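Colleague:
Protein chains in written order, with the numbering used here: chain A, 1 to 419; chain B, 1 to 284.
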């Protein structure tokens, strides 16, 4: 008896313990999603907080959250925002992702600015299995793995801006139809800043421009710290080019425009100039940008029914004109909210399936994602986001010049250039 | 060729204004002031605030800004540097801390946006077929005048003699009854004023933002290492060398390579001749 008892009882106890353990684990597992699915939906915002792109990201997300919460939230849950500063440094960017996913346990990430930072963050976003809606960085590399390694990188989406390859294609269109077609100039110089997305874009641009029949006389890169553009201008002038196509971001835009104006450089310039998208760019450099033609992802014009109301509401709330991250950030909140509503859960796998079906009329155009989860560009038949080339005019006002269908005024050369 | 000559001269003038002040305070007080770039930034921000927010005309705004920054320099010397002057390491740390505090204060007050200092001259000049912005020529002219005036002040005035005496032998100077603390204050004020002038003159063709102090301090540092810490003629010569070297690299190789010139020059000089061109002894 005793023998039997002493033989069976530990086994039974062990089995019971194992069963209890399993039951507890199962309970815990079933309780975890139940817990995660209640309370507010948390939106993590990794962005460069001290820059205008970062502040506009936050303000635009806040606008969308306030609007959705006023309408009762999503699936009956309120939305809330948690911000982490990713600066322009990859290390800090990774810490921001870890803080938001591990500590703050956010449901979705909306943000991004510098491509180098976003690329460094990708493995960490994927490891955290958290949906990431990029609204700032433009390198095609950020979405390259979605198709090739779907299981790990399906979390990555880009709501805006158009990636550098698409921007290059639209820039090529600008060179062939406007610079060559309308201004009648075929000798061009391409000037770009040494940054990841520019290095991605310039070779594509050069190839496209050459194929479109332009004569690319020189391609010049310069360091982001450059404080004197005289040598660069001199080389461009000596190359025999007659129009300068630029790809600028970060700090150099202000100095570039000032020195171009100050030396009355005998060549008009236009292209992608990220800082020139700022509403106050021209004014803050004392009107020296007048004559520059710069690409924008949206301007205050009726691109969609949402564009003008968004610009006005943003201005009312912040007393600033929004920059491009604001469009993507605001649209991203609604796109995510709609996907969650359709999926009836915040479970990432279910939401990703719904995000892939997105067709959302946003601020710069209709937002849809391709197989790389990258935003599809607009074309003659599809009203997706497209580059709008606007010229700074006297009084620091902007007029849309390209595309022709959106034109608000004709191009005018800077006062010191006689075509 | 002529273009390189003119552009190089403008860079050199700005660099010289930065480096002379930096080397002056080292030569006299043995203070390696890492907050020197902050005076450059404060000068530019001062001119920005006075012109765009208080709507003062540019010239009074610029002069007032220079005076205020000189005062800030004197206060920093009196409050932060003087109590620790015996330890060069402590001075390095405290001046770096001051520089970072100034940067953060500018961030908090003005944000990260780029600001603009209006130019005294907005027209373009053509010299021998080369187009040069008026603001640059002005920077060159003012740079020459200011450094010339400083040279005369040191060589020809009683106060200048006191400064020279202290830089040659501080102890002997003190025995001769020269009030060294007061001289240090004045030199710090002059040094800050020079940097602020450079900031105001470069503001119109560069940009004004909170991290703008960093590059000038790197350049000033490179120049005084090359020229010899504490030597004013050395600084002027090194400023010319660096200004032209950068310009020539920019014109002949690529603008992407200009920024490495100063760092490379510092490195080479420290390896080959740690005392610099005119330095009497190695500073480190």
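For each residue, glycine too, the CB sits at the ideal point set by N, CA and C. None of these values were measured; they are calculated from a predicted model.
Against chain A, with Cβ distances strictly below 8 Å, would residue 107 of chain B count as a contact?
Modeller: The sequence position of residue 107 of chain B within the second chain is 107, counting from 1. So yes, residue 107 of chain B belongs to the interface.
Colleague: If you measure between the beta carbons of residue 187 of chain B and residue 217 of chain B, is that distance less than 8 Å?
Modeller: Along the second chain, one-based indexing puts residue 187 of chain B at 187. Along the second chain, one-based indexing puts residue 217 of chain B at 217. The answer is no: Cβ separation not under 8 Å.
Colleague: Going along the chain, which residues of the region 395-418 of chain A sit with their C-beta nearer than 9 Å to a C-beta in chain B?
Modeller: Hits within the stretch, in order: 416.
Colleague: List the residues of chain B whose Cβ lies closer than 7 Å to the Cβ of residue 264 of chain A, in chain order.
Modeller: Translated into positions along the first chain, residue 264 of chain A becomes position 264. Within 7 Å Cβ-Cβ: 124, 131.
Colleague: Any C-beta of chain A sitting closer than 8 Å to the C-beta of residue 141 of chain B?
Modeller: Within the second chain, residue 141 of chain B is the residue found at index 141, counting from 1. No, residue 141 of chain B lies away from the interface with chain A (no Cβ there is under 8 Å from its Cβ).
Colleague: When you compare only the Cα positions, how much space is there between residue 104 of chain B and residue 210 of chain B?
Modeller: Taking the first residue of the second chain as 1, we reach residue 104 of chain B at position 104. Taking the first residue of the second chain as 1, we reach residue 210 of chain B at position 210. So the two alpha carbons sit approximately 7 Å from each other.
Colleague: So residue 214 of chain A and residue 272 of chain A are in contact, right, with Cβ under 8 Å, and what is the actual spacing, rounded?
Modeller: Within the first chain, the letter at position 214 stands for residue 214 of chain A. Within the first chain, the letter at position 272 stands for residue 272 of chain A. Wrong, their Cβ atoms sit about 16 Å apart, outside the cutoff.
Colleague: May I have the straight-line CA-CA distance separating residue 259 of chain A from residue 176 of chain B, to the nearest angstrom?
Modeller: Here residue 259 of chain A refers to the residue found at position 259 of the first chain. Here residue 176 of chain B refers to the residue found at position 176 of the second chain. So the two alpha carbons sit approximately 52 Å from each other.
Colleague: At a CB distance below 7 Å, what residues from the region 271-299 of chain A approach chain B? Give them in sequence order.
Modeller: Cβ contacts with chain B come from 284, 285, 286.
Colleague: In the DSSP assignment, find the beta strand (DSSP E) that holds residue 46 of chain A and state where it starts and stops.
Modeller: Counting from one through the first chain, the residue named residue 46 of chain A turns up at place 46. Where residue 46 of chain A is concerned, the enclosing beta strand (DSSP E) stretches over 41-47.
Colleague: Tell me the DSSP secondary structure of residue 80 of chain B in three-state form.
Modeller: As a first step, residue 80 of chain B is located in the second chain; it is residue number 80 there, counting from the start. Note: residue 80 of chain B maps to helix in three-state DSSP.
Colleague: So residue 165 of chain A and residue 208 of chain A are in contact, right, with Cβ under 8 Å, and what is the actual spacing, rounded?
Modeller: If you number the first chain from 1, residue 165 of chain A lands on position 165. If you number the first chain from 1, residue 208 of chain A lands on position 208. Contact flag wrong, Cβ pair sits at about 10 Å.
Colleague: Let me see if you follow: with CB-CB separation under 8 Å, is residue 46 of chain A close to chain B or not?
Modeller: Start at 1 with the first residue of the first chain, and residue 46 of chain A comes out as number 46. Chain B contact via Cβ: absent.
Colleague: Assign residue 26 of chain A to buried or exposed, taking buried as 16 or more other Cβ atoms, counted over all protein chains shown, within 10 Å of its Cβ.
Modeller: For this step, residue 26 of chain A is matched to residue 26 along the first chain. Confidence at residue 26 of chain A is low in this model, with a pLDDT of 46, below 50, so the placement of that residue is unreliable and no value is reported for it.
Colleague: In angstroms with no decimal places, state the Cα-to-Cα distance between residue 308 of chain A and residue 61 of chain A.
Modeller: For the purposes of this step, residue 308 of chain A is taken as residue 308 along the first chain, with counting starting at 1. For the purposes of this step, residue 61 of chain A is taken as residue 61 along the first chain, with counting starting at 1. Approximately 17 Å, taken between the alpha carbons.
Colleague: Identify which residue in A/185, A/227, A/228, A/191 has its Cα closest to the Cα of residue 212 of chain A.
Modeller: Looking up residue 212 of chain A in the first chain gives position 212. Checking every option, the nearest Cα to that of residue 212 of chain A belongs to A/185.
Colleague: I'd like to know if residue 194 of chain A contacts chain B, where contact means its C-beta is closer than 8 Å to some C-beta of that chain.
Modeller: Taking the first chain and counting its residues from 1, one reaches residue 194 of chain A at position 194. By this cut-off, residue 194 of chain A is an interface position.
Colleague: Indicate whether at least one CB of chain A lies closer than 8 Å to the CB of residue 282 of chain B.
Modeller: The sequence position of residue 282 of chain B within the second chain is 282, counting from 1. Because the pLDDT at residue 282 of chain B is just 44, under 50, the model does not fix this residue reliably, and the value given afterwards should be weighed accordingly. No, residue 282 of chain B does not count as interfacial toward chain A.
Colleague: Would you identify the three-state DSSP class for residue 91 of chain A, choosing helix, strand or coil?
Modeller: One-based indexing of the first chain puts residue 91 of chain A at position 91. If DSSP states are grouped into helix, strand and coil, residue 91 of chain A belongs with the helices.
Colleague: At a Cβ threshold of 8 Å, is residue 48 of chain B touching chain A?
Modeller: As a working mapping, residue 48 of chain B is identified with position 48 in the second chain. No - not a single Cβ of chain A is within 8 Å of the one on residue 48 of chain B.
Colleague: Are the beta-carbon atoms of residue 18 of chain B and residue 40 of chain B separated by less than 8 Å?
Modeller: Along the second chain, read from residue 1 onward, the residue named residue 18 of chain B stands at position 18. Along the second chain, read from residue 1 onward, the residue named residue 40 of chain B stands at position 40. It is a contact, given that the beta carbons lie within the stated cut-off.
Colleague: Suppose you measure from the CA of residue 76 of chain A to the CA of residue 281 of chain A; what does that come to, to the nearest Å?
Modeller: Indexing the first chain from 1 puts residue 76 of chain A at position 76. Indexing the first chain from 1 puts residue 281 of chain A at position 281. One C-alpha to the other measures close to 42 Å.
Colleague: Count the other C-beta atoms from every protein chain shown that fall within 10 angstroms of the C-beta of residue 254 of chain A, then say buried if there are 16 or more, exposed otherwise.
Modeller: As a position in the first chain, residue 254 of chain A is number 254, starting the count at 1. Under this definition residue 254 of chain A is a buried residue.
Colleague: What does residue 205 of chain B reach in chain A if we use C-beta pairs closer than 8 Å?
Modeller: Within the second chain, residue 205 of chain B is the residue found at index 205, counting from 1. Ordered by position in chain A, the residues that pass the 8 Å Cβ test against residue 205 of chain B are 255, 258, 259, 262.
Colleague: Do we get a CB-CB distance below 8 Å when we pair residue 7 of chain B with the residues of chain A?
Modeller: Position 7 of the second chain, counted from the first residue, corresponds to residue 7 of chain B. Yes, residue 7 of chain B counts as interfacial toward chain A.
Colleague: Residue 50 of chain A by DSSP, collapsed to three states: which one?
Modeller: By one-based count along the first chain, residue 50 of chain A stands at place 50. Correct three-state label for residue 50 of chain A: coil.
Colleague: What would DSSP say about residue 32 of chain A, mapped onto helix, strand or coil?
Modeller: Counting from 1 along the first chain, the entry for residue 32 of chain A is found at position 32. Because the pLDDT at residue 32 of chain A is just 42, under 50, the model does not fix this residue reliably, and the value given afterwards should be weighed accordingly. The answer is helix: DSSP assigns residue 32 of chain A an H, G or I state.
Colleague: Based on the DSSP secondary-structure assignment, which residues constitute the bridge partners of residue 392 of chain A?
Modeller: Here residue 392 of chain A refers to the residue found at position 392 of the first chain. Answer is A/398, bridged to residue 392 of chain A.
Colleague: Beta carbons nearer than 8 Å to chain B: which residues of the region 213-241 of chain A have them?
Modeller: Against chain B - using a Cβ distance shorter than 8 Å - the residues of the region 213-241 of chain A are 220, 221, 222, 223, 225, 226, 227, 228, 229, 230, 231, 232, 234, 235.
Colleague: Residue 256 of chain B versus chain A: which residues are under 7 Å apart at the beta carbon?
Modeller: Sequence index remark: in the second chain, residue 256 of chain B carries index 256 (1-based). Under the 7 Å cutoff, chain A gives 194, 221, 222, 223.
Colleague: Just to confirm, is the Cβ distance from residue 422 of chain A to residue 82 of chain A under 8 Å?
Modeller: Since the first residue shown for chain A is 1 and the last is 419, residue 422 of chain A is missing from the structure and cannot be characterised.
Colleague: Which runs of the alpha helix (DSSP H) fall wholly inside the region 156-192 of chain B and span at least 4 residues, in chain order?
Modeller: You should have 158-168, 170-175.
Colleague: Residue 11 of chain B versus chain A: which residues are under 8 Å apart at the beta carbon?
Modeller: Against the second chain, residue 11 of chain B aligns to sequence position 11. Going along chain A in sequence order, the residues near residue 11 of chain B (Cβ under 8 Å) are 228.
Colleague: With DSSP collapsed to three states, give me the class of residue 417 of chain A.
Modeller: In the first chain, the residue the question calls residue 417 of chain A occupies position 417. Of the three classes helix, strand and coil, the one that applies to residue 417 of chain A here is coil, per DSSP.
Colleague: What's the C-alpha gap between residue 227 of chain B and residue 277 of chain B?
Modeller: The sequence position of residue 227 of chain B within the second chain is 227, counting from 1. The sequence position of residue 277 of chain B within the second chain is 277, counting from 1. Rounded to whole angstroms, residue 227 of chain B to residue 277 of chain B spans 5 Å at the Cα level.
Colleague: Rounded to whole angstroms, what's the CA-CA distance from residue 142 of chain A to residue 384 of chain A? Just pull it up for me.
Modeller: Counted from its first residue, the first chain places residue 142 of chain A at position 142. Counted from its first residue, the first chain places residue 384 of chain A at position 384. Taking the straight line from one Cα to the other gives about 20 Å.
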